[in-house]
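Asks: Please find one structure pasted underneath; my questions will follow.
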Amino acid sequence: MHVKKITKSKIVCTIGPASENKIDQLIKAGMDCARLNFSHASHDFHIKVFNQIRKFSSKIPIIFDIQGPKIRIGDLDDNYMIHSGEDFILTTENILGNNKIATIMYKDLVNEVDLGDRIFINDGIICLEVMEIKKDEEIHCKVLTGGPISSKKGVNVPHAKISAKVPTKKDIVDIKLAAELGADFLAVSFVSNVEEIENIKNLFKKYSSIKPGIIAKIERPIALNNFGPILDASYGIMVARGDLGVELSPENVPAVQKDLILKCNRIGKPVICATQMLESMTLSPIPTRAEASDVFNAIFDGADALMLSAETASGHFPVESVKMMDSIARTAEAKFQRKDPTYYNSKKPDNAEVLGLATHQILQNIEERGDKVDAVIVVTRTGYSARMVAKYRPEVPIIAATFTPEVYRKLFLVWGVESLLLDVPEEMDQFSKNLNAIRLSIKEKHIDNDDIILLVSGSLMAPKAKTCNIFLFNVNEIEGI
7 MHVKKITKSK IVCTIGPASE NKIDQLIKAG MDCARLNFSH ASHDFHIKVF
57 NQIRKFSSKI PIIFDIQGPK IRIGDLDDNY MIHSGEDFIL TTENILGNNK
107 IATIMYKDLV NEVDLGDRIF INDGIICLEV MEIKKDEEIH CKVLTGGPIS
157 SKKGVNVPHA KISAKVPTKK DIVDIKLAAE LGADFLAVSF VSNVEEIENI
207 KNLFKKYSSI KPGIIAKIER PIALNNFGPI LDASYGIMVA RGDLGVELSP
257 ENVPAVQKDL ILKCNRIGKP VICATQMLES MTLSPIPTRA EASDVFNAIF
307 DGADALMLSA ETASGHFPVE SVKMMDSIAR TAEAKFQRKD PTYYNSKKPD
357 NAEVLGLATH QILQNIEERG DKVDAVIVVT RTGYSARMVA KYRPEVPIIA
407 ATFTPEVYRK LFLVWGVESL LLDVPEEMDQ FSKNLNAIRL SIKEKHIDND
457 DIILLVSGSL MAPKAKTCNI FLFNVNEIEG I
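Quick note: the sequence shown uses my numbering, first residue 7, plus one each step.
Structure (structure tokens):
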């Protein structure tokens with residue numbers, strides 16, 4: 007299945023019970039990337055969904071999201087409302103909980119909280135105060151703020167020093183499956199430092215020769231403190247606003263979101279904005295006006311991708327949610343105010359960085375004289391040059407032609423990039439690679455014979471050099487097309 011993409015912003019859909027049999031509909035509606043969340047469902051479920059996605063599309067990249075040291079309650083025998091003033095117990099015993107007691111899946115929490123600590127459940131909706139601690143057994147709490155509670159809801163304790171690190175025992179098992187299936191991306195939850203990222207890479211290497219793109223999920227203050235090295239070691243970043251909003255408090259999240267997105271934009275690394283983007287669409291066929299504004303503003307902030315969680319995993323309107331996200335994104339992109347190139351200055355100049363800026367300036371100069379370029383084609387081995395072009399958010403399509411399925415799929419997470427997989431050896435001479443990239447772009451109907459294109463590629467004179475050339479062509483003037 008191949009669906010032409012109009013929207014430049016990328017849409018990530020979490021696949022769950024509501025959408026496992028609607029993969030083809032999600033793709034048609036605008037899904038660019040699928041997410042499988044190891045916090046929920048069995049390995050059998052994820053294997054089935056993975057195969058279902060590949061049945062409909064070989065190009066859709068798949069994110070495997072490992073749970074990390076995320077704290078959750080266990081299963082309850084029903085869905086409940088708990089109320090202010092009531093007592094509630096968190097126990098290390100494995101039980102089927104109710105509206106009075108629930109298992110805490112992270113057993114060490116009972117020894118890592120103090121009297122008076124606040125414990126938040128369900129993205130901060132429920133707030134408990136620790137009243138009594140029975141060592142190794144139970145945490146007795148008073149409900150300060152009530153709300154809905156159900157199985158496997160997340161737990162946050164902002165001021166506790168949680169000792170659990172990435173990867174957990176569960177993560178190790180999940181990473182092995184992700185490696186065996188051929189994960190395009192591995193999203194790492196509750197990452198604290200760059201050492202954890204490196205540990206994940208080394209662990210994955212034991213099971214597969216494929217290198218997944220590591221997506222570091224920023225969910226705790228400690229990750230913000232260590233953000234620079236985490237960003238350098240990762241393929242991209244996810245601004246996971248749910249847990250971040252509980253750990254920091256909601257009023258601080260918008261500023262943090264803007265800051266993280268800017269830092270990613272400057273070095274051309276994809277950034278995903280996630281959590282509650284269209285949350286009301288789990289139950290309603292239309293979003294709130296505030297949610298529409300949130301999606302719109304995330305695109306204006308510079309997010310490469312927008313993620314749907316419960317909306318597509320368990321909501322009543324998964325396909326409608328994707329269509330709505332796509333519609334809002336297209337509207338935002340039509341109004342997008344492009345920034346001065348100095349805004350994107352990474353202060354780390356290299357060949358690709360310089361070429362990205364030069365491409366931007368050439369496009370700008372051509373536009374100022376009343377002409378236009380129809381597309382930018384980037385012939386790239388690693389995808390880095392394409393990301394350097396994309397970070398300036400050009401109005402024209404970016405077509406990235408590359409040589410391996412891994413790079414090919416990873417580029418679908420980058421704003422504005424349409425990826426092509428060249429069926430030629432990477433060692434082929436540069437002229438032939440360029441020619442094949444243009445031919446395939448025509449075949450896939452990304453460009454026409456009378457289009458004007460910018461071609462960004464390696465050098466004919468220095469074949470071992472990195473991407474270092476920009477050519478301006480009318481396609482019908484190129485010999486061999």
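A virtual CB, placed ideally from N, CA and C, is assigned to each residue, including glycine.
Quick check on DSSP: helix, strand or coil for ASP429?
Replies: Counting from one through the sequence shown, the residue named residue 429 turns up at place 423. Three-state DSSP puts ASP429 in coil, outside helix and strand.
Asks: Starting from the Cα of LYS378, find the closest Cα among ILE236, PRO403 and LEU361 and give me that residue.
Replies: Your numbering for residue 378 matches position 372 in the sequence shown. Ranking ILE236, PRO403 and LEU361 by CA distance to the CA of LYS378 puts PRO403 first.
Asks: For LEU419 versus ALA311, is the C-beta distance shorter than 8 Å?
Replies: One-based indexing of the sequence shown puts residue 419 at position 413. One-based indexing of the sequence shown puts residue 311 at position 305. Result yes, Cβ atoms of LEU419 and ALA311 sit closer than 8 Å.
Asks: Less than 8 Å separating the beta-carbons of VAL325 and LEU102?
Replies: Sequence index remark: in the sequence shown, residue 325 carries index 319 (1-based). Sequence index remark: in the sequence shown, residue 102 carries index 96 (1-based). No, these two residues do not count as a Cβ contact at 8 Å.
Asks: Whole angstroms is fine: what's the gap from CYS133's alpha carbon to ILE224's?
Replies: Position 127 of the sequence shown holds residue 133. Position 218 of the sequence shown holds residue 224. CYS133 and ILE224 have their C-alpha atoms spaced approximately 22 Å apart.
Asks: Could you have a look at GLY219 and say whether DSSP puts it in helix, strand or coil?
Replies: The residue you call residue 219 lines up with position 213 of the sequence shown. If DSSP states are grouped into helix, strand and coil, GLY219 belongs with the strands.
Asks: As a quick exercise: from THR13, VAL382, ILE66 and HIS366, pick the residue whose alpha carbon is nearest that of ASP30.
Replies: As a working mapping, residue 30 is identified with position 24 in the sequence shown. Out of THR13, VAL382, ILE66 and HIS366, ILE66 has the C-alpha closest to the C-alpha of ASP30.
Asks: LYS148 lies in the beta strand (DSSP E); which residues open and close that run?
Replies: For the purposes of this step, residue 148 is taken as the residue at position 142 of the sequence shown. Start and end: 144-151.
Asks: Can you list, in chain order, the stretches of the beta strand (DSSP E) that have 3 or more residues and sit fully within the stretch 188-246?
Replies: 191-194, 219-224 and 242-246
Asks: Considering only residues of the same chain and omitting the five flanking positions on each side of LYS58, which have a CB-CB separation below 7 Å?
Replies: By one-based count along the sequence shown, residue 58 stands at place 52. The displayed chain sequence assigns Gln, not Lys, to residue 58. The answer, listed in chain order, is GLU26 and ILE29.
Asks: If you drop the 5 nearest sequence neighbours on each side, which residues of the same chain put their C-beta closer than 8 Å to that of ALA24?
Replies: As a first step, residue 24 must be located in the sequence shown, where it is residue number 18. Only THR318, ALA319, SER320, GLY321, HIS322 and PRO324 meet the Cβ criterion.
Asks: Go to CYS270, then tell me how far its alpha helix (DSSP H) extends in each direction, as first and last residue.
Replies: Translated into the one-based positions of the sequence shown, residue 270 becomes position 264. Unbroken alpha helix (DSSP H) run through CYS270: 259-272.
Asks: Report yes if the C-beta distance between LYS16 and GLU339 is below 8 Å; otherwise report no.
Replies: By 1-based counting over the sequence shown, the position of residue 16 is 10. By 1-based counting over the sequence shown, the position of residue 339 is 333. The answer is no: Cβ separation not under 8 Å.
Asks: Is the beta carbon of ALA364 closer than 8 Å to that of HIS452?
Replies: As a working note, residue 452 is residue 446 in the sequence shown. As a working note, residue 364 is residue 358 in the sequence shown. In this structure, ALA364 does not lie closer than 8 Å to HIS452 by Cβ.
Asks: Would you check if the distance between the CB atom of GLY263 and the CB atom of VAL252 is smaller than 8 Å?
Replies: Taking the first residue of the sequence shown as position 1, residue 263 is located at position 257. Taking the first residue of the sequence shown as position 1, residue 252 is located at position 246. A small correction: the amino acid at residue 263 is Gln; Gly does not occupy that position in the sequence shown. No, these two residues do not count as a Cβ contact at 8 Å.
Asks: Rounded to the nearest angstrom, what separates SER391 and LEU289 at their Cα positions?
Replies: By one-based count along the sequence shown, residue 391 stands at place 385. By one-based count along the sequence shown, residue 289 stands at place 283. Taking the straight line joining both Cα atoms gives about 42 Å.
Asks: Taking the straight line between their C-alpha atoms, what separation do you get for GLU424 and ILE368?
Replies: What you label residue 424 is simply residue 418 of the sequence shown in a count that begins at 1. What you label residue 368 is simply residue 362 of the sequence shown in a count that begins at 1. So the alpha carbons of these two residues sit roughly 20 Å apart.
Asks: Going by DSSP in three states, ALA24 sits in which element: helix, strand or coil?
Replies: Locating residue 24 in the sequence shown gives position 18, counting from the first residue. Coil.
Asks: Please return the same chain residues whose Cβ sits closer than 8 Å to the Cβ of ASP81, not counting the five positions on each side in sequence.
Replies: Here residue 81 refers to the residue found at position 75 of the sequence shown. Taken in chain order, the residues that qualify are LEU102, GLY103, THR109, SER157 and LYS158.
Asks: Quick one: grab the DSSP three-state call for PHE477.
Replies: Locating residue 477 in the sequence shown gives position 471, where the first residue counts as 1. PHE477 falls in the strand class under three-state DSSP.
Asks: When you compare only the Cα positions, how much space is there between MET394 and LEU266?
Replies: The residue you call residue 394 lines up with position 388 of the sequence shown. The residue you call residue 266 lines up with position 260 of the sequence shown. Computed Cα separation, rounded: 18 Å.
Asks: Any contact of the stretch 133-149 with the stretch 185-195, i.e. 3+ C-beta pairs under 8 Å?
Replies: no
Asks: Please classify HIS89 as buried or exposed, where buried requires at least 16 other C-beta atoms within 10 Å of its C-beta.
Replies: Sequence index remark: in the sequence shown, residue 89 carries index 83 (1-based). Answer is exposed; the Cβ neighbour count stays below 16.
Asks: Below 8 Å on the Cβ atoms is my guess for GLY36 versus LYS329; work out the distance and round it to an integer in Å.
Replies: For the purposes of this step, residue 36 is taken as residue 30 along the sequence shown, with counting starting at 1. For the purposes of this step, residue 329 is taken as residue 323 along the sequence shown, with counting starting at 1. The pair is a contact, with the Cβ atoms about 7 Å apart (cut-off 8 Å).
Asks: Taking the C-alpha atoms as reference points, what is the distance between TYR414 and TYR86?
Replies: Here residue 414 is taken as the residue at index 408 of the sequence shown, counted from 1. Here residue 86 is taken as the residue at index 80 of the sequence shown, counted from 1. For TYR414 and TYR86, the distance between alpha carbons rounds to 46 Å.
Asks: Helix, strand or coil for GLY486, going by three-state DSSP, please let me know.
Replies: To locate residue 486, count along the sequence shown from 1; it is residue 480. GLY486: coil per DSSP, three-state reduction.
Asks: Would you decide whether PRO3 is buried or exposed? Buried here means 16 or more other CB atoms lie within 10 Å of its CB.
Replies: Nothing about residue 3 can be read from this structure; the chain reaches only from 7 to 487.
Asks: Are the beta-carbon atoms belonging to VAL136 and ILE127 less than 8 Å from one another?
Replies: What you label residue 136 is simply residue 130 of the sequence shown in a count that begins at 1. What you label residue 127 is simply residue 121 of the sequence shown in a count that begins at 1. The answer is no: Cβ separation not under 8 Å.
Asks: Under DSSP, the alpha helix (DSSP H) around ASN57 begins and ends at which residues?
Replies: As a first step, residue 57 is located in the sequence shown; it is residue number 51 there, counting from the start. 49-62 is the span of the alpha helix (DSSP H), which, as asked, contains ASN57.
Asks: Does MET7 pass the burial test, meaning 16 or more other C-beta atoms within 10 Å, or should it be called exposed?
Replies: As a first step, residue 7 is located in the sequence shown; it is residue number 1 there, counting from the start. A caution first: MET7 carries a pLDDT of 43, below 50, which makes its placement in the model too unreliable to give a value.
Asks: Thinking C-alpha only, which one of GLU401, LEU150 and ASN199 is nearest GLY422?
Replies: Here the question's residue 422 lines up with position 416 in the sequence shown. With distances taken between Cα atoms, GLY422 lies closest to GLU401.
Asks: Let me check understanding here. Comparing Cα to Cα, which of GLY389, GLU412, LYS416 and ILE372 lies closest to PHE479?
Replies: Locating residue 479 in the sequence shown gives position 473, counting from the first residue. Residue ILE372 is the option with its Cα nearest to PHE479.
Asks: If TYR350 sits next to LYS397, beta carbons under 8 Å apart, how far is it from one beta carbon to the other, in whole angstroms?
Replies: Along the sequence shown, one-based indexing puts residue 350 at 344. Along the sequence shown, one-based indexing puts residue 397 at 391. Sure, about 5 Å apart at Cβ, within 8 Å.
Asks: Given VAL9, which residues of its chain have a CB within under 7 Å of its CB, disregarding the five upstream and five downstream residues?
Replies: Working through the sequence shown from its first residue, we reach residue 9 at position 3. At VAL9, the pLDDT of 44 sits below 50, so the modelled position is not reliable and the matter cannot be decided from this model.
Asks: What is the DSSP secondary structure of PHE70, counted as helix, strand or coil?
Replies: For this step, residue 70 is matched to residue 64 along the sequence shown. Here PHE70 sits in strand by DSSP.
Asks: For ARG336, which three-state DSSP category applies?
Replies: Translated into the one-based positions of the sequence shown, residue 336 becomes position 330. If DSSP states are grouped into helix, strand and coil, ARG336 belongs with the helices.
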